[in-house]
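Residue numbers (our numbering), protein chains in the order written: chain A, 250 to 485; chain B, 467 to 760; chain C, 18 to 246.
Shown next, in C-alpha cells, is the structure this report addresses.
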Amino acid sequence: MEIRIQNLNKEYEGHRVVDIDSLTVRQGELLGIIGPNGAGKSTLLRMIGGLETPTQGEISYNGKAYCSEISQKMTMVFQKPYLLRTTVFQNVAYPLKIRKKNKKFIQEEVHRILDEMGLTAQKYQKSWTLSGGEAQKVALARALILKPSLLILDEPTANIDPSSIAVMEKMIKKINEEEGTTVIIVTHNLQQARRLCKEIAFMYRGKIKEKGDARRILYHAQEPETSAFIQGELLI
Amino acid sequence: MKFKKSKIWSILLALLLVVSLLGGCGQAPSESPEDTGEEPAAPENPRVIMATTTSTENSGLLDYLLPVFEEDTGYQVEVVAVGTGKALQMGEDGEADVLLVHAKESEEEFVAAGHGLERFDVMYNDFIIIGPKDDPAKIGEIASNDVVKALEAISESQSVFVSRGDDSGTHKKELACWKQANIEPQGDWYVEAGKGMGDVIQMAEEMNGYTLSDRATYLSMRENIGLEILVEGDEQLFNQYGVIAVNPDKNDQINAEGAQAFVDWILSEKAQKLIAEFGQEEYGQSLFIPNANK
Amino acid sequence: MREIVLGVKGAIELLLSFDQEIYQIIFLSLYVSLTSTFLSTLLAIPAGIFLGLFHFRGKGIVVRLLYTMMSLPPVIAGLVVFLFISRKGPLGFLGLSFTPTAMIIAQICLITPIITGLVYNGTKDKGQHVKMLGKTLGANRFQTLILLICELRLNIFTAVITGYGRAVSEVGAVMIVGGNIKGRTRVMTTAIAMLQNMGDYSKAIAIGIVLLFLSFIINGVLYHFQQGE
Numbered sequence: 250m251e252i253r254i255q256n257l258n259k260e261y262e263g264h265r266v267v268d269i270d271s272l273t274v275r276q277g278e279l280l281g282i283i284g285p286n287g288a289g290k291s292t293l294l295r296m297i298g299g300l301e302t303p304t305q306g307e308i309s310y311n312g313k314a315y316c317s318e319i320s321q322k323m324t325m326v327f328q329k330p331y332l333l334r335t336t337v338f339q340n341v342a343y344p345l346k347i348r349k350k351n352k353k354f355i356q357e358e359v360h361r362i363l364d365e366m367g368l369t370a371q372k373y374q375k376s377w378t379l380s381g382g383e384a385q386k387v388a389l390a391r392a393l394i395l396k397p398s399l400l401i402l403d404e405p406t407a408n409i410d411p412s413s414i415a416v417m418e419k420m421i422k423k424i425n426e427e428e429g430t431t432v433i434i435v436t437h438n439l440q441q442a443r444r445l446c447k448e449i450a451f452m453y454r455g456k457i458k459e460k461g462d463a464r465r466i467l468y469h470a471q472e473p474e475t476s477a478f479i480q481g482e483l484l485i
Numbered sequence: 467m468k469f470k471k472s473k474i475w476s477i478l479l480a481l482l483l484v485v486s487l488l489g490g491c492g493q494a495p496s497e498s499p500e501d502t503g504e505e506p507a508a509p510e511n512p513r514v515i516m517a518t519t520t521s522t523e524n525s526g527l528l529d530y531l532l533p534v535f536e537e538d539t540g541y542q543v544e545v546v547a548v549g550t551g552k553a554l555q556m557g558e559d560g561e562a563d564v565l566l567v568h569a570k571e572s573e574e575e576f577v578a579a580g581h582g583l584e585r586f587d588v589m590y591n592d593f594i595i596i597g598p599k600d601d602p603a604k605i606g607e608i609a610s611n612d613v614v615k616a617l618e619a620i621s622e623s624q625s626v627f628v629s630r631g632d633d634s635g636t637h638k639k640e641l642a643c644w645k646q647a648n649i650e651p652q653g654d655w656y657v658e659a660g661k662g663m664g665d666v667i668q669m670a671e672e673m674n675g676y677t678l679s680d681r682a683t684y685l686s687m688r689e690n691i692g693l694e695i696l697v698e699g700d701e702q703l704f705n706q707y708g709v710i711a712v713n714p715d716k717n718d719q720i721n722a723e724g725a726q727a728f729v730d731w732i733l734s735e736k737a738q739k740l741i742a743e744f745g746q747e748e749y750g751q752s753l754f755i756p757n758a759n760k
Numbered sequence: 018m019r020e021i022v023l024g025v026k027g028a029i030e031l032l033l034s035f036d037q038e039i040y041q042i043i044f045l046s047l048y049v050s051l052t053s054t055f056l057s058t059l060l061a062i063p064a065g066i067f068l069g070l071f072h073f074r075g076k077g078i079v080v081r082l083l084y085t086m087m088s089l090p091p092v093i094a095g096l097v098v099f100l101f102i103s104r105k106g107p108l109g110f111l112g113l114s115f116t117p118t119a120m121i122i123a124q125i126c127l128i129t130p131i132i133t134g135l136v137y138n139g140t141k142d143k144g145q146h147v148k149m150l151g152k153t154l155g156a157n158r159f160q161t162l163i164l165l166i167c168e169l170r171l172n173i174f175t176a177v178i179t180g181y182g183r184a185v186s187e188v189g190a191v192m193i194v195g196g197n198i199k200g201r202t203r204v205m206t207t208a209i210a211m212l213q214n215m216g217d218y219s220k221a222i223a224i225g226i227v228l229l230f231l232s233f234i235i236n237g238v239l240y241h242f243q244q245g246e
C-alpha cells in the first residue's frame with residue numbers, strides 16, 4: 250500500500266502536535282520514524298492507522314481516502330500488547346474469525362505463524378500469564394496473520410528481551426520482503442533502525458526534518474537536529 | 467481437573483436458579499379451591515387485604531382462623547400487620563379492604579368520618595402489666611389488679627417502663643391509663659420504643675423493666691422470656707377488637723365483596739366459636755373472648 | 018449463650034424437616050431477587066457500556082447521579098416505589114401494592130444503578146482499548162461490541178453478583194412495598210426481622226443460616242471465577 254500525506258496537521262488545545270507538509274511512503278517501503286519524545290510520532294501513526302482524525306490535511310491510501318475497505322488491509326501493533334482475555338490461540342485467530350474464514354484455514358494459519366515465532370508451547374496458555382516478550386510476539390503474530398498491506402508499529406520492542414526482539418524483527422523483515430507489506434515503525438532503538446529499515450524519517454516538534462536512506466540518515470545526517478539526536482544530545 | 471471444579475460451581479448456580487424459579491413460580495396465588503361440588507364458586511377477585519395490628523398477627527389467631535375463612539368462602543386474606551395508627555391510615559387511604567384493630571374510639575371516629583362502612587365488636591382480650599421476677603416497684607404485691615396504682619408505683623420508683631410509643635391500640639390504652647393515674651410519664655426510666663409488641667417485650671426483658679402488653683402476645687412469647695404477669699384483671703385493661711369494611715368509594719381497587727364476606731364471617735357463630743377455642747389447647751385459656759352482637 | 022445454642026439446634030431441626038413455611042420463604046426470596054437481578058442486568062449492561070464508551074452533553078451530571086444512586090438507601094427506594102404503586106398513587110390502578118412484583122420493581126430500582134456503575138467503571142478502563150483493538154484488527158461495530166462484552170465478562174459477572182447480593186440482603190424496601198404478608202410477600206430478610214421481634218429465635222436463625230449459606234455459595238462462585246484470572 251502506498252501512503253501519501255499532504256498538509257497534515259493535528260492540534261491539541263491550540264498546540265500543533267503534528268505539522269507535515271508532505272510525506273510519501275511507497276509501496277513495500279520499510280520506514281523507521283525516529284525522534285525525541287513529544288515529537289508527534291505516535292500521533293502521526295495513530296492518524297495513519299485511522300485511530301485519530303487530523304485537524305487538517307489528507308492521508309490517502311493507494312489514492313483513496315480512509316474507509317472500512319482500507320482499514321481491513323492494515324493493522325497496528327502498539328508498545329503494550331493489548332491481548333484479549335483468552336488463550337494465545339484465540340488471540341491470534343481472532344482477526345481471521347471475524348473475517349469468517351473457515352475453521353481448518355484458521356487452524357493451519359495460526360499454527361504456522363506460532364511455530365514460526367517460537368510460540369508453539371504457549372499455544373493454549375492464557376494471555377495474561379505470558380511474559381512481556383511472549384505477549385508482544387503474540388500481538389505481532391495477531392497482526393501478521395492477516396498478511397496486511399500496511400503494518401504500523403509504535404515502539405513494539407521497547408522493554409522486550411533480546412531474543413524476542415530478534416524473532417520480531419525477523420518476522421517484520423520477512424513480511425516486508427516476501428509479501429511486499431509496507432511497514433512504518435517508530436523506534437527509539439537506533440540499532441534496530443539500522444538493522445531493519447530501508448528508509449528513516451527524523452521527526453522533531455511535529456515536523457519531518459529529514460527523510461532518506463537509512464544508512465545515510467544514521468551516519469551522514471544533513472540537518473543539525475538530526476545528527477544531534479542521533480548522537481544522543483538531548484533535544485527539547 | 468480445572469474443568470471439573472468450575473463445572474461443579476456452574477451447575478450449582480444453575481440448579482439454584484432453576485429450583486428457585488420453579489419454587490417461586492409456585493408462589494402465584496393460583497391455589498384454586500378444590501372442586502368438591504359443594505364449594506362456593508371462586509370469587510372474581512379473591513384477594514382481600516386486611517390491615518391489622520402486629521399484636522393480632524403475632525398472637526397466631528389469624529393463622530388459625532383465616533384458613534377456615536378461605537375454605538368457606540374462597541377469598542384469600544392477605545394480612546398486613548402494622549400499628550393501629552397505620553392500619554387506620556391504610557383504611558383512610560384505601561390501601562386495605564378491611565380492618566381488624568382494637569382502638570374503639572379511633573375506630574368510631576373512622577366510621578363517622580366516612581372512611582369505613584360500619585364498625586362491629588368482634589372479640590376482646592385483655593392487657594397485662596408484665597415485669598421482672600424481682601419486681602423492684604413491688605406492683606405484684608400492692609397492685610396486682612389495680613393498674614392505676616401500679617403505674618403510680620412504677621413512676622415513683624422510677625423503674626424502667628417500656629412504652630410502645632407507636633400510636634398503636636396498645637399504646638393508646640397505655641396512655642389512657644397514665645392519664646387516669648394523673649401522671650405524665652417522663653424521664654430516663656420511661657422508654658418510648660416505637661416498635662411492635664414483640665420488640666417491646668424483648669426490650670423490657672433486656673432492660674429488666676415493665677411494660678403493658680396484650681395477653682396473647684405475652685403468652686406466645688412466654689417460653690423465651692423471663693418477665694412475669696404482675697398486674698391483670700383490672701376492667702380498664704380490657705381490649706375490644708373491632709372489624710370495619712373500608713368504604714369502597716375510595717378507589718376502584720377495593721374489594722368490597724371480599725371485605726363484606728370477611729365481616730359477615732367473623733361475626734358468624736362458627737367463627738366466634740373458633741375464636742373462643744383458640745389458645746385452649748396450648749395455654750389452657752382462651753386468648754380472645756368473642757363478643758359479637760352482645 | 019444457651020439461647021443461641023438452643024436457637025441453632027432448633028434451626029437445624031427445622032431445616033432438615035423441610036418445614037414448609039420456611040422453605041416457602043426461602044424460595045420466594047430467591048425468586049424475587051433472581052428476577053430483579055436478571056431484569057436489572059438487561060437494563061444495566063447496555064447502559065453501563067454506553068456510558069463508558071460515549072461522550073455526550075451533561076454526561077458528568079449523569080455519572081454523578083449514577084454514583085449517588087448506587088448508594089441509595091433501600092428504604093428510600095421502597096418508599097418511592099410505594100408512593101407510586103399504592104392505591105392512592107398514580108400507578109395504583111395496576112394493583113401492585115403488597116405483591117412480589119412490587120418487591121421486584123423496588124429491587125430493580127435499587128440494584129440497576131449498582132450494576133450500571135460497576136459495568137461503567139470497567140468499560141471506562143478497558144473500553145477505549147478494546148475499541149482501538151477492534152479497529153486495528155478490522156472488526157465492525159457489532160463485532161467490536163461483542164468483543165467488548167467478552168473482554169468485560171469478569172467485570173460484568175462481578176457487577177451482577179454484587180447486585181444480586183444487595184437485592185437478597187435488603188429488608189427495608191421489600192418490607193415497605195411488600196408488607197411481609199405470610200405466604201405472599203414474606204422473604205428471608207423480612208421474616209428474620211419479624212421473627213426476632215416475636216422472640217422466635219429458632220426460626221430466625223434457621224432462615225439466617227440459609228441466607229448466609231446462599232451468600233457463601235454466591236461469593237464462592239464469584240471468587241472461583243476471579244481466581245481463574
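Idealized CB from N, CA, C, for every residue including glycine.
Just so it is clear, the structure is predicted and the values come from calculations on it, not from any experiment.
Suppose the cutoff is 8 Å on Cβ atoms and the five residues either side in sequence are ignored; what does the same chain contact list for residue i look like?
i: P495(B); result: Residue placement at P495(B) cannot be trusted, given a pLDDT of 41 that sits under 50; what the coordinates show is reported in the next sentence. Excluding sequence neighbours, P495(B) sits near P512, R513, Q542.
i: D501(B); result: Confidence at D501(B) is low in this model, with a pLDDT of 45, below 50, so its placement is unreliable and no value can be given for it.
i: L6(C); result: In the structure displayed, chain C extends from 18 to 246; residue 6(C) sits before or after that span and is not available.
i: L102(C); result: A small fix is needed here, since residue 102(C) is Ile in this sequence, not Leu. Closer than 8 Å at Cβ, skipping near neighbours: L108, G109, L111, L113, S114, A119, I122, V194.
i: L277(A); result: Correcting the residue type first, residue 277(A) is Gly in the shown sequence and not Leu. Hits under 8 Å: N425, G429, T430, T431.
Look at residue i and residue j and say whether their C-beta atoms are less than 8 Å apart.
i: P602(B); j: S625(B); result: yes
i: Y436(B); j: S629(B); result: Any property of residue 436(B) remains undetermined from this structure, which presents chain B solely from 467 to 760.
i: V709(B); j: L565(B); result: yes
i: K290(A); j: M452(A); result: yes
i: T273(A); j: T153(C); result: no
i: V432(A); j: I421(A); result: yes
i: A547(B); j: E523(B); result: yes
i: L753(B); j: L685(B); result: yes
i: T683(B); j: S572(B); result: no
i: I193(C); j: F99(C); result: yes
i: P117(C); j: L45(C); result: yes
i: A619(B); j: I605(B); result: yes
For a contact defined as C-beta to C-beta under 8 Å, what are the partners of residue i on chain C?
i: D559(B); result: S103, R104, K105
Going along chain B, which residues have a C-beta under 7 Å from residue i?
i: G182(C); result: The contacting residues do not exist; G182(C) stays about 14 Å from chain B at best.
i: I198(C); result: E544, V545, V546
i: S114(C); result: E561
How would you list, in chain order, the residues of chain A whose beta-carbon sits under 8 Å from the beta-carbon of residue i?
i: H72(C); result: Chain A residues near H72(C): none, gap ~15 Å exceeds 8 Å.
i: H146(C); result: Y331
Identify, in the order they occur along the chain, each residue of the same chain with its Cβ nearer than 7 Å to the Cβ of residue i, setting aside the five sequence neighbours on each side.
i: A788(B); result: One cannot answer for residue 788(B) here, as it falls past the ends of chain B, which runs 467 to 760.
i: V177(C); result: T54, T58, I132
i: K599(B); result: G692, E694
On the DSSP bridge list, what partners appear for residue i?
i: R513(B); result: Q542(B)
i: N648(B); result: The partner list for N648(B) (beta bridge, DSSP) is empty, contrary to what the question assumes.
i: S679(B); result: I594(B)
i: D462(A); result: E448(A)
i: N705(B); result: N591(B)
i: G582(B); result: V712(B)
Run through chain C and tell me which residues come within less than 9 Å of residue i, C-beta to C-beta.
i: G381(A); result: Per Cβ cutoff of 9 Å: no residues; G381(A) is ~17 Å from chain C at best.
i: Q321(A); result: G155
For a contact meaning CB atoms closer than 9 Å, what does residue i contact in chain A?
i: K152(C); result: G298, G299, L300, S320, M325
i: E38(C); result: Chain A residues near E38(C): none, gap ~46 Å exceeds 9 Å.
Apart from the five residues just before and just after residue i, which ones in its own chain have a Cβ nearer than 6 Å to its Cβ?
i: G139(C); result: L169, N172
i: V22(C); result: none
Note down, in chain order, every chain A residue with its Cβ under 7 Å from the Cβ of residue i.
i: M149(C); result: L300
Could you name the residues of chain B that residue i contacts, counting a contact when the two beta carbons are closer than 9 Å?
i: F110(C); result: N717, D718, Q719
Strictly below 7 Å CB to CB, what residues from chain C border residue i?
i: K343(A); result: In the sequence on display, residue 343(A) carries Tyr and not Lys. Chain C residues near Y343(A): L154.
- Message: Quick check for students: name the residue ranges of the alpha helix (DSSP H) that lie wholly in the segment 114-177 of chain C, counting only runs of 4 or more.
- Response: With a minimum length of 4 residues, the continuous alpha helix (DSSP H) runs that stay inside the segment 114-177 of chain C are 117-154, 158-168.
- Those runs of the alpha helix (DSSP H) which lie wholly inside the segment 347-380 of chain A and span at least 4 residues: The segment 347-380 of chain A contains these whole alpha helix (DSSP H) runs: 352-365.
- Message: So within the segment 380-443 of chain A, which uninterrupted beta strand (DSSP E) runs reach at least 3 residues, ignoring any that extend past its ends?
- Response: The qualifying runs are 399-403, 431-435.
- Which parts of the segment 253-336 of chain A are runs of the alpha helix (DSSP H), unbroken and 4 residues or longer, counting only runs that do not cross its ends? Positions of the alpha helix (DSSP H) runs, each at least 4 residues long and wholly inside the segment 253-336 of chain A, are given as 290-297, 317-320 in order along the chain.
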